[in-house]
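A.B. asks: This is the structure I want to talk about, given as structure tokens.
There are 2 protein chains.
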Amino acid sequence: MTRPDPDRVLIFDTTLRDGEQSPGISLNTSEKLEIAAQLARLGVDVIEAGFPITSPGDFEAVQAIARNVEGPIIAGLALTQADDIDAAHRAVRDADRPRIHTFISTSDIHIRHQLQTTREDVMGQARAAVAHAREFVEDVEFSPMDATRADVEFTAEVCRIAIEEGATTINIPDTVGYTMPDEFTAYLRRLYELAPELADVVVSVHCHDDLGLAVANSFAGLLAGARQVECAINGIGERAGNASLEEIAMLLHTRAADVGLQTGIRTTEIARTSRLVSRLTGYAVQPNKAIVGRNAFAHESGIHQDGVLKERTTYEIMDAQTVGLEANSIVLGKHSGRHALQQALEELGFQVTGQALNQAFARFKELADKKKQVTALDLEALVTDELRDDLGAYALLWFDVEASSRRPPHATVAVRTPEGEERTGSFTGDGPIDAVFRAINAATGSDARLREFRVDAVTGGQDALGETSVVLEVDGRTASGQGVSTDIIEAAGRAYVRALSNAQRRSRTDAAEPSAPELAPAS
Amino acid sequence: MTRPDPDRVLIFDTTLRDGEQSPGISLNTSEKLEIAAQLARLGVDVIEAGFPITSPGDFEAVQAIARNVEGPIIAGLALTQADDIDAAHRAVRDADRPRIHTFISTSDIHIRHQLQTTREDVMGQARAAVAHAREFVEDVEFSPMDATRADVEFTAEVCRIAIEEGATTINIPDTVGYTMPDEFTAYLRRLYELAPELADVVVSVHCHDDLGLAVANSFAGLLAGARQVECAINGIGERAGNASLEEIAMLLHTRAADVGLQTGIRTTEIARTSRLVSRLTGYAVQPNKAIVGRNAFAHESGIHQDGVLKERTTYEIMDAQTVGLEANSIVLGKHSGRHALQQALEELGFQVTGQALNQAFARFKELADKKKQVTALDLEALVTDELRDDLGAYALLWFDVEASSRRPPHATVAVRTPEGEERTGSFTGDGPIDAVFRAINAATGSDARLREFRVDAVTGGQDALGETSVVLEVDGRTASGQGVSTDIIEAAGRAYVRALSNAQRRSRTDAAEPSAPELAPAS
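Residue numbers (this note's numbering), protein chains in the order written: chain A, 410 to 932; chain B, 410 to 932.
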């Protein structure tokens, strides 16, 4: 890979790989496709779409993204084993620009305790993996896992081998979020000295936020010469997550005059991407989150408000419109027609026609009857809610609930099973939501247990849509589901049956025969 | 102030000042006292308890904290005006170790546009303010606001004046979250050169997270010589908030061998402090938040889980117990008595006796009837819920709700007014919660509008307590309230009437005669 512009930073988005590795997140293929399409609109350079060998579901999603999403490079992750790399290749090969990303740890703590092997073996595996990947694709990325806790000389040796075998990107991960900016700078400088070949490839950084330094460490990496940053929307990922894409992008944007590095990110797509990912993963963004938190651009103190009224830049270094907040003024009402809805959805980036448009229009009319103004945020929520419905899943048909502070709440529900049967169930619970959930368990014969439950309002206002997230434990594993409605009980019930459907779908795919070569489990 | 140990970093907590300046947070005095007491248990060195002149409520809370919370220095914030400093002094003077913190901007953008004055005037104001504060207390902190966007030479001149007049701490704020670690280091080094007197006082840093760099910039400040960090629990504060206290503390703790700086933080109190602040402010902590997020210590990927099972340190640089997660094994049940409850509460740091214990015991029994195991998290939630009830507030007496997917939901509620009257109201709404809220409006004659609504489960499990947060708009201002119950409708109703009570209390105190000298408004 050539680097025509030395000041151009490549944004490698790992929302669908490291981000999706967060507990309780289980996206289906259509949800992953929707996020990938939005990442392409956002202007990321690389989408790491998944880790194909880990499950048939992951494989299918990576393949669907490789086949359907245009623009970014589509990467699949793989351990060094040949079958792992084969699976990654089969998953990404239909992309315009496929990449295989292979990795092995270089830290002694990982080599001894996890891999239970030797440095020599790690060198051999790295060499074989990159060589094998290069048989399939020209664009190969190699990562020495846990590099920041590894011996820098050994890591440099492994990187040199990877480059010798044809790796075009070398990514230095701070896998456990341990390093500090100056330390990371010094580590990278030493690596450049020990492996001068790094000047001929793209050096990348991948930082975790365990000590709150993911963005600062990534930025230190760029200042030390890296030109790719691995990051995730809303900073999701293993444990405390990855460097937050929006913070990296807006740091480089806001301080461009002093730093002089550019990305290809269309900043006005940031807010929408953040909302989409939050909604589909069920991972809330805290109000004080930088860039995309609800209050990131709000001023509460009288002194600050006074300053901003006199001159915006007294307390604002960024404009909310730059990140796509308040940018959209779409407002529909009960008299808006099908065409107006279609146009509004197109403006939001959703291509909806035929039966899907009919369905979206029906939901829209239902909402417009209850809510005076239907905004862009509402439409986004409704359309993503529709994306969640698959064939072959449970559906909530109707419910009746009586709740009172003076007697226990009682619920009756009707559910359509994946087989098309209608079943009803009743329960008297501790609260109305609890009663509905237990009534659904009774109707479906499930013994799912609720682990987490959350409700957020999509917009402000008394008539706001409520967005509900549930995480269930089914047979020792977790599954999540989300639902949207102006009625919190309906939203909760929808989320619950979707989580049940997700759990069932996963147990089906996990039980699938691993005989097909692309479905072989990781060794 | 002397600095006996050059490696000791002072933790200055501004949760109750900058943190409380976040939109929608309105803590009452008993809530602020509870947080301050927990901050003392956590081991912070300084509690900035508020900005006394801004409102009678703020004044009262700072005074109550100064009088009741032992251990930390208690600081009150003040602009440079004499009456502002007078108010801060009256609020903090009863503390064992009072501090007055005064500030004025040194950036030209603030001087020109907000203060609409000259550099000469700023120097004069800084001199007068510090001199005036030193007439009252020995411990005076001065901050040149917006320092990182100010001319460093002018800022140094103002700092020298403040030190000459007796300031013992000089705090360098990155007010708008604009700086970058290397830039901040260079700025501070230059400041030390220009104002060598800084070596004789404590230098402090106060960083905001607008570009995701608050912790990294604070850390850069420490490496450049600062020995006080201003930070807030969960990183709350204006816009994207302040540096997160728990991230700073755990960074210094985890990397102590390499960095060599210590704090007085008892890390095992971190998780509880975070939960308390989140609960009382209504500000959720995102699951991927470093240190205190629900998933900060969770491993999802098979590779990571496998590694941790073989050897914990393969993927963990901190132990969850170090921050107080999973540390508490208190479990009570329906047969637990009053004494067991009192002991459990004491273990959690709550001193509850007499009528308060009776009330807590009644709530506990009610919960134990519904929930098999009552845990430390449940007790914390119940006790903090009790803290929210004031005399002279609205109370939800009972409610009846019918909700169905087949007809509009209907609610009837009874509310006791602050005057002791019982009033009922009914409404048919878009959803059951909406119907309850509007029925409460009907009962109380209020025209409050819902701006935000959120529900979280306190613990996992089908029988979990639900914790509800609402933000209302009443007469153009926002007010928040929280409620806890196993019944989501009850929790929501409680939160709503508390938000109404908070709004009413504030409009009462705002309307209070400013004739008493300590209640003079800011000029």
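Beta carbons are placed, not taken as given, at the ideal position from N, Cα and C, and that holds for glycine.
#1: With DSSP as the reference, label VAL894 of chain A as helix, strand or coil.
#2: Can you list, in chain order, the stretches of the beta strand (DSSP E) that have 3 or more residues and sit fully within the segment 778-824 of chain B?
#3: Going along chain B, which residues have a C-beta under 7 angstroms from PHE706 of chain A?
#4: Check whether the Cβ atoms of PHE563 of chain A and ARG528 of chain A sit closer than 7 angstroms, and answer yes or no.
#5: Give the residues from the segment 648-672 of chain A that approach chain B closer than 9 angstroms (Cβ to any Cβ), ordered along the chain.
#6: When you compare each of A:ILE897, A:LEU622 and A:VAL810 to THR877 of chain B by their alpha carbons, which one comes out closest?
#7: Quick check for students: name the residue ranges of the alpha helix (DSSP H) that lie wholly in the segment 683-728 of chain B, counting only runs of 4 or more.
#8: Checking 7 angstroms against the spacing of the C-beta atoms, do SER889 of chain B and SER435 of chain B come in under that value?
#9: For PRO841 of chain A, which of helix, strand or coil comes out of DSSP?
#10: Per DSSP, CYS963 of chain B forms a beta bridge with which residues?
#11: Can you give me the Cβ contacts of TYR692 of chain B inside the same chain, cut-off strictly under 6 angstroms, excluding the 5 residues immediately before and after it?
#12: How big is the Cα-Cα spacing for ALA537 of chain B and THR489 of chain B?
#13: For a test of the three-state rule: what should DSSP assign to GLY912 of chain A, helix, strand or coil?
#14: Taking the Cβ atom as the reference point for each residue, do PHE593 of chain A and MET554 of chain A lie within a distance shorter than 7 angstroms?
#15: I want to know whether the segment 696-708 of chain B touches the segment 740-758 of chain B - three or more CB-CB distances under 8 angstroms.
#16: Would you say ASN697 of chain A reaches chain B, if we count a Cβ-Cβ gap shorter than 7 angstroms as a contact?
#17: Within its chain, find whatever has a CB closer than 7 angstroms to the CB of GLN782 of chain B; leave out the 5 residues flanking it on each side and keep chain order.
#18: Per DSSP, which one or two residues make a beta bridge with HIS510 of chain B?
#19: Take ALA449 of chain B as the anchor and find which of B:ILE462, B:GLY480 and B:ALA857 has the nearest alpha-carbon.
#20: Mind listing the chain A neighbours of GLU709 of chain B? Cutoff is C-beta to C-beta under 7 angstroms, in chain order.
#21: What do you get for HIS662 of chain A, buried or exposed, if any count of 16 or more other CB atoms within 10 angstroms of its CB means buried?
#22: Establish whether the CB of THR723 of chain A and some CB of chain B are separated by less than 7 angstroms.
#23: Is the CB of HIS615 of chain B under 7 angstroms away from at least one CB in chain A?
#24: Name, please, each residue of chain A whose Cβ falls closer than 8 angstroms to the Cβ of VAL638 of chain B.
#25: Between the C-alpha atoms of MET722 of chain B and GLY716 of chain B, what's the straight-line distance to the nearest angstrom?
#26: With DSSP collapsed to three states, give me the class of ARG528 of chain A.
#27: Suppose the cutoff is 6 angstroms on Cβ atoms and the five residues either side in sequence are ignored; what does the same chain contact list for ARG476 of chain B look like?
#28: Identify every residue that forms a DSSP beta bridge with ASP865 of chain A.
#29: Measuring CA to CA, which of A:THR463, A:ASP454 and A:THR853 is closest to ILE483 of chain A?
#30: Taking 7 angstroms as the threshold (C-beta atoms), are VAL585 of chain A and TYR724 of chain B in contact?
#31: When you measure from the CB of ILE434 of chain A to every non-hydrogen atom of the ligand FAD, does any distance come out below 6 angstroms?
#32: Going along the chain, which residues of the segment 478-489 of chain A sit with their C-beta nearer than 9 angstroms to a C-beta in chain B?
#33: Step through the CB atoms of chain B and report whether any lies within less than 7 angstroms of the CB of ARG417 of chain A.
#34: Going by the beta-carbon positions, is the gap between LEU603 of chain A and ALA635 of chain A smaller than 7 angstroms?
#35: For GLU861 of chain A, which residues of its own chain have a beta-carbon under 6 angstroms away from its beta-carbon, when the five flanking residues on both sides are left out?
#36: Please classify VAL732 of chain A: does DSSP put it in a helix, a strand, or coil?
C.D. replies: Per the coordinate set shown:
#1: If you number the first sequence from 1, residue 894 of chain A lands on position 485. One point to set straight first is that residue 894 of chain A is Ser, not Val, in the sequence displayed. Three-state result, SER894 of chain A: strand.
#2: 804-813
#3: For the purposes of this step, residue 706 of chain A is identified with residue 297 of the first sequence, where counting begins at 1. Those within 7 angstroms of PHE706 of chain A in chain B are ARG648.
#4: Locating residue 563 of chain A in the first sequence gives position 154, counting from the first residue. Locating residue 528 of chain A in the first sequence gives position 119, counting from the first residue. Contact flag set, yes.
#5: ARG648, ALA649, GLY650, ASN651, ALA652, SER653, GLU655, GLU656, ILE657, MET659, LEU660, THR663, ARG664, ASP667 and VAL668
#6: The count along the second sequence starts at 1 and reaches residue 877 of chain B at position 468. Out of A:ILE897, A:LEU622 and A:VAL810, A:ILE897 has the C-alpha closest to the C-alpha of THR877 of chain B.
#7: 711-719
#8: For the purposes of this step, residue 889 of chain B is taken as residue 480 along the second sequence, with counting starting at 1. For the purposes of this step, residue 435 of chain B is taken as residue 26 along the second sequence, with counting starting at 1. Yes. Within cutoff.
#9: Position 432 of the first sequence, counting from 1, holds the residue named residue 841 of chain A. It is helical.
#10: Chain B is shown only over 410 to 932; residue 963 of chain B falls outside these bounds and no answer can be derived.
#11: As a first step, residue 692 of chain B must be located in the second sequence, where it is residue number 283. Cβ within range, chain order: ILE645.
#12: Along the second sequence, one-based indexing puts residue 537 of chain B at 128. Along the second sequence, one-based indexing puts residue 489 of chain B at 80. Using only the alpha carbons, I get a separation of about 8 angstroms.
#13: For this step, residue 912 of chain A is matched to residue 503 along the first sequence. The identity of residue 912 of chain A in the sequence shown is Ala, whereas the question assumes Gly. ALA912 of chain A falls in the helix class under three-state DSSP.
#14: Numbered from its first residue, the first sequence carries residue 593 of chain A at position 184. Numbered from its first residue, the first sequence carries residue 554 of chain A at position 145. Result no, Cβ atoms of PHE593 of chain A and MET554 of chain A do not sit closer than 7 angstroms.
#15: no
#16: Position 288 of the first sequence, counted from the start, is the residue given in the question as residue 697 of chain A. Chain B contact via Cβ: present.
#17: Start at 1 with the first residue of the second sequence, and residue 782 of chain B comes out as number 373. Within the same chain, GLN782 of chain B has close Cβ partners VAL740 and GLY742.
#18: Locating residue 510 of chain B in the second sequence gives position 101, counting from the first residue. B:LEU486 and B:GLU550, per the DSSP bridge assignment.
#19: For the purposes of this step, residue 449 of chain B is taken as the residue at position 40 of the second sequence. It is B:GLY480 whose Cα lies nearest to the Cα of ALA449 of chain B.
#20: On the second sequence, position 300 is the one that residue 709 of chain B refers to. Near GLU709 of chain B (Cβ distances below 7 angstroms), the residues of chain A are GLN430, SER431, PRO432 and GLU647.
#21: Residue 662 of chain A sits at position 253 when you count from the first residue of the first sequence. HIS662 of chain A is buried by the Cβ-count criterion.
#22: By 1-based counting over the first sequence, the position of residue 723 of chain A is 314. Yes, because at least one Cβ of chain B sits closer than 7 angstroms to the Cβ of THR723 of chain A.
#23: Translated into positions along the second sequence, residue 615 of chain B becomes position 206. No - not a single Cβ of chain A is within 7 angstroms of the one on HIS615 of chain B.
#24: On the second sequence, residue 638 of chain B is found 229 positions in, with the first residue counted as 1. Chain A residues near VAL638 of chain B: none, gap ~12 angstroms exceeds 8 angstroms.
#25: Stepping through the second sequence from its first residue, residue 722 of chain B is reached at position 313. Stepping through the second sequence from its first residue, residue 716 of chain B is reached at position 307. Note that residue 722 of chain B is Thr in the sequence shown here, rather than Met. Computed Cα separation, rounded: 8 angstroms.
#26: As a working mapping, residue 528 of chain A is identified with position 119 in the first sequence. Note: ARG528 of chain A maps to helix in three-state DSSP.
#27: In the second sequence, residue 476 of chain B corresponds to position 67, counting from 1. Only ASP503 meet the Cβ criterion.
#28: In the first sequence, the residue the question calls residue 865 of chain A occupies position 456. Answer is A:GLU876 and B:ARG863, bridged to ASP865 of chain A.
#29: Here residue 483 of chain A corresponds to residue number 74 of the first sequence, with the count starting at 1. It is A:ASP454.
#30: Looking up residue 724 of chain B in the second sequence gives position 315. Looking up residue 585 of chain A in the first sequence gives position 176. A contact, by the Cβ cut-off of 7 angstroms.
#31: You won't find the ligand FAD in this model; it holds no ligand whatsoever.
#32: LEU488
#33: For the purposes of this step, residue 417 of chain A is taken as the residue at position 8 of the first sequence. No, ARG417 of chain A does not count as interfacial toward chain B.
#34: Against the first sequence, residue 603 of chain A aligns to sequence position 194. Against the first sequence, residue 635 of chain A aligns to sequence position 226. No.
#35: The residue you call residue 861 of chain A lines up with position 452 of the first sequence. Here the set comprises VAL880.
#36: One-based indexing of the first sequence puts residue 732 of chain A at position 323. Three-state DSSP puts VAL732 of chain A in a helix.
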